[in-house]
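To start, the structure itself, in structure tokens.
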Amino acid sequence: MDIHTPSLTAVRQRIAAAETRFNRSRDSVALLAVSKTRTPAAILAVARQSQRRFAENYLQEALPKIEVLASEALEWHFIGRLQSNKTEAITRHFDWVHTLDRAKIATRLNDQRPSFLPPLNVLVQVNIDEEPTKSGIVLDQLPALIEAILHYPHLRLRGLMALPAPRTDFEQQRMPFRRLAKAWAQLRGRGIALDTLSMGTSGDFEAAIAEGATLLRIGTAIFGSREAPP
Ligand SMILES: *Cc1c(COP(=O)(O)O)cnc(C)c1O
């Protein structure tokens, strides 16, 4: 099979090869299947191949899918833009949020997380290329937000996330991931127990693995093109 034919098996093989090539330990890189626009049947087909982690961007699209697939005991990650009026439903239906980038939303997520659920796993999204229209906090402001989040009992801070501007050259792809990994290592060096570095999508995940990603967010390489499904 051509490695660019979309499939979970092909992605797993590429991840394993990159772990070897970049001296990452075997299975040190976890895979999050990005299922936005995919039907429950398509998600189920992937879940049946022992893929437990799925990510969605839009609450209204995600809720019926999460409900239909409830018996599969999947882990759901929210990776879309966080709007204040959506936070309550997110705290009830998701296990992780990758896109936390401001204190006001952190407060809402903490206050709204139901106490019968474990703390919500959160990642702070960094606008690593400092793009004006992108979500995420700039690196300068990261330490203050981290401090605030650490005080919230219903949030469990797990690490950092970024979605850099697309680049085609491999060495160029590595640079923003390296900056994010450095910020993550600095926080860990200060004794903050982070274990997750969420970076790398279909077009650049090998570069992310090279720079230390622990969690990849991959959609099209697993499911096929979102514009023209096969
Ligand atoms: C859609 C999306 C992805 C997956 O992108 P692919 O190119 O389909 O792998 C990853 N991260 C975020 C934040 C996304 O919105």
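If you're matching positions, the sequence shown starts at 262 in our numbering and goes up one per residue.
In this text, a Cβ means the ideal position worked out from N, Cα and C, and glycines have one as well.
Counting C-beta pairs closer than 8 Å gives three or more between the region 359-366 and the region 378-389, which meets the contact rule.
Going by DSSP, residue 438 is part of no beta strand (DSSP E) but of the alpha helix (DSSP H) stretching over 431-450. Comparing alpha-carbon positions, the option among 326, 432 and 421 lying closest to residue 441 turns out to be 421.
At least one heavy atom of ligand 1 lies closer than 7 Å to the C-beta of residue 462. The nearest non-hydrogen atom of ligand 1 is 7 Å or more from the C-beta of residue 326.
When the beta-carbon positions are compared, residue 475 and residue 291 come within less than 8 Å of each other. Per DSSP, the beta-bridge partners of residue 317 are 339.
The beta carbon of residue 294 sits closer than 6 Å to the beta carbons of 307, 312, 315 and 483 from its chain, once the five residues preceding and following it are set aside; these are given in chain order. With fewer than 16 other Cβ atoms from the protein chains shown falling within 10 Å of its own Cβ, residue 378 counts as exposed. With fewer than 16 other CB atoms across the displayed protein chains lying within 10 angstroms of its CB, residue 287 is exposed. Within the DSSP bridge table, the entry for residue 382 names 357 and 417 as partners. Leaving aside the five residues that flank residue 433 on each side, none in its chain has a CB nearer than 6 Å to its CB. For residue 421, the Cβ stays outside the 7 Å cut-off from all heavy atoms of ligand 1.
The C-beta of residue 427 has fewer than 16 other C-beta atoms within 10 Å across all chains shown, which makes the residue exposed.
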